[in-house]
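Sequential numbering from 232 applies to the sequence shown in this note's numbering.
Shown next, in structure tokens, is the structure this report addresses.
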Amino acid sequence: MSLAGQGAGLPGVLHRATSKQPAGAKKMAAEKPLLEGALAADPPLQPTPRLLEELKAESANLETATPAQILQWAVERFGSKLTMATAFGPEGCVVLHLLADIAPQTYIFNLETGYQFPETLELRDRFAKRYGIEVDLAKPNLTVEEFETQHGGPIYKSDPDRCCFERKIVVLRKAIRGKHAWISAIRRDQSPDRATAPIVNWDDRFQLVKINPLANCTTGDIWKMIVDQEIPYNPLHDQGFTSIGCRPCTRAVLFGEDERAGRWSGTEKTECGLHSLGQFKK
């Protein structure tokens with residue numbers, strides 16, 4: 232049975248932006264660049280009080296906007312300094328579908344750890360064929376074989392935090408270098424860690440603006456859009472995998488379990504570090 236039938240969804244919540252767009256933001260003054268994220272950009276974007284106030288105001292303004300309107304605002308505000316990381320989850324697929332219409336030139340990348348499911352990489356090819364979107368594969372310096380040799384074997388069970396850090400976080404920092412903002416596909420109802428995610432905020436960890444266009448959406452909203460628009464999605468979702476990450480650390484969920492229960496099952500770990508606990512606390 233397909234997961235695509237979950238939930239009725241909110242009518243029109245994901246529809247294309249209307250002619251009336253949320254108010255744009257003022258340009259920020261450039262200051263001395265640092266090493267990563269927006270602080271490495273030319274000109275750099277600094278988390279000045281003025282910028283933080285702007286982001287807070289825009290986040291509030293965009294609370295009632297559709298995902299398409301939020302993306303339209305992001306494209307107009309950040310232009311070529313905007314990027315997106317995707318693991319090709321259903322939410323990411325929806326954002327890719329919208330970006331293909333709004334700003335197909337956006338630099339989009341996938342953190343190719345070397346441990347991803349073949350179905351995930353095949354989905355990348357399906358998006359390229361249907362939308363003409365080329366999602367870059369951002370890879371660690373070491374292959375899986377080199378990495379496991381360095382650590383005396385796989386560490387995804389013995390030290391999953393370090394595995395995620397070296398195979399994902401380090402790679403993400405390199406991929407976003409020179410960018411001012413990145414798009415995430417998280418939803419508030421996915422987990423307690425994400426429940427307070429704003430629409431727009433300054434990401435302290437990665438030192439750039441973070442935009443969450445799907446924050447207000449439910450799983451029903453997402454699957455309604457996928458079904459209605461025939462958006463490609465990972466076939467593993469039809470086999471009980473509600474959240475898909477790396478192959479060794481992902482399992483299908485059981486009836487009644489949280490949708491992210493299949494990630495790092497049997498451990499206290501709930502996030503890979505891209506969307507950290509406490510990141511969204513005010």
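Backbone N, C-alpha and C define an ideal beta-carbon position, used for all residues, glycine too.
Computed from a predicted model, the values in this text were never measured in an experiment.
Counterpart residues of residue i in DSSP-defined beta bridges
i, result
"E441", "Here residue 441 is Lys; the residue named in the question, Glu, does not match the sequence. Looking at the DSSP assignment, K441 forms a beta bridge with W413, N432."
"M315", "I339, I414"
"A369", "L342"
"C477", "Q347"
Top-ranked residue by Cα proximity to residue i, from the options
i, options, result
"G276", "W454, V431, K410", "Residue 276 is actually Leu in this sequence, not Gly. Taking only the C-alpha atoms, the option nearest L276 is K410."
"Q521", "P321, P466, L329", "As displayed, the chain neither begins before 232 nor continues past 513, which places residue 521 out of reach and without an answer."
"I407", "Q300, E294, T314, F309", "T314"
"N447", "F437, A426, T481, D435", "A426"
"E379", "G363, E397, D424", "E397"
"P191", "R357, C480, E289, M456", "Any property of residue 191 remains undetermined from this structure, which presents the chain solely from 232 to 513."
"D420", "Q470, G451, C394, R393", "G451"
"E307", "A412, L352, Y346", "A412"
"Q460", "E350, S311, Y362", "Y362"
"A305", "E376, I414, L352, F358", "I414"
"A299", "P385, P444, V375, L354", "P444"
"K455", "E322, F340, E353", "E322"
"S311", "R436, Y338, N465", "Y338"
"L342", "A483, D469, Q381, C394", "C394"
"P385", "V484, R478, R482", "R478"
"K405", "F340, V326, R482, E353", "F340"
"P349", "T449, N465, V484, L327", "N465"
"I453", "P274, L327, A483, V366", "L327"
"T297", "T449, F309, H382, F358", "T449"
Exposure label - residue i; buried when at least 16 CB within 10 Å
i, result
"K399", "buried"
"K441", "buried"
"L467", "buried"
"P253", "Bear in mind that the predicted position of P253 carries a pLDDT of just 42, short of 50, making it unreliable; the figure below should be weighed with that in mind. It counts as buried."
"R418", "buried"
"K360", "exposed"
"Q438", "buried"
"T295", "exposed"
"G238", "Here the model assigns G238 a pLDDT of 39, short of 50, so the residue's position is not dependable, and the following value carries that caveat. Exposed."
"G320", "buried"
"A261", "Note that A261 has pLDDT 36, beneath the 50 cutoff, so the model's placement of it is unreliable and the number below is only indicative. Exposed, by the Cβ-count rule."
"T279", "exposed"
"Y387", "buried"
"T374", "exposed"
"E289", "buried"
"R281", "exposed"
"R355", "buried"
"Q470", "exposed"
"L368", "exposed"
"Q347", "buried"
"L265", "For L265, the predicted model reports a pLDDT of 35, less than 50, meaning its position is unreliable and no value from the coordinates is stated."
Integer Cβ distance of residue i from residue j, believed to fall under 8 Å
i, j, result
"V402", "P429", "That pair is no contact at about 25 Å."
"T317", "A416", "7 Å"
"C324", "P463", "6 Å"
Inter-stretch contact at 8 Å, needing at least 3 Cβ pairs: the stretch 334-346 / the stretch 468-475: no
Cβ contact check for the stretch 417-437 and the stretch 274-291: 3 or more pairs under 8 Å: yes
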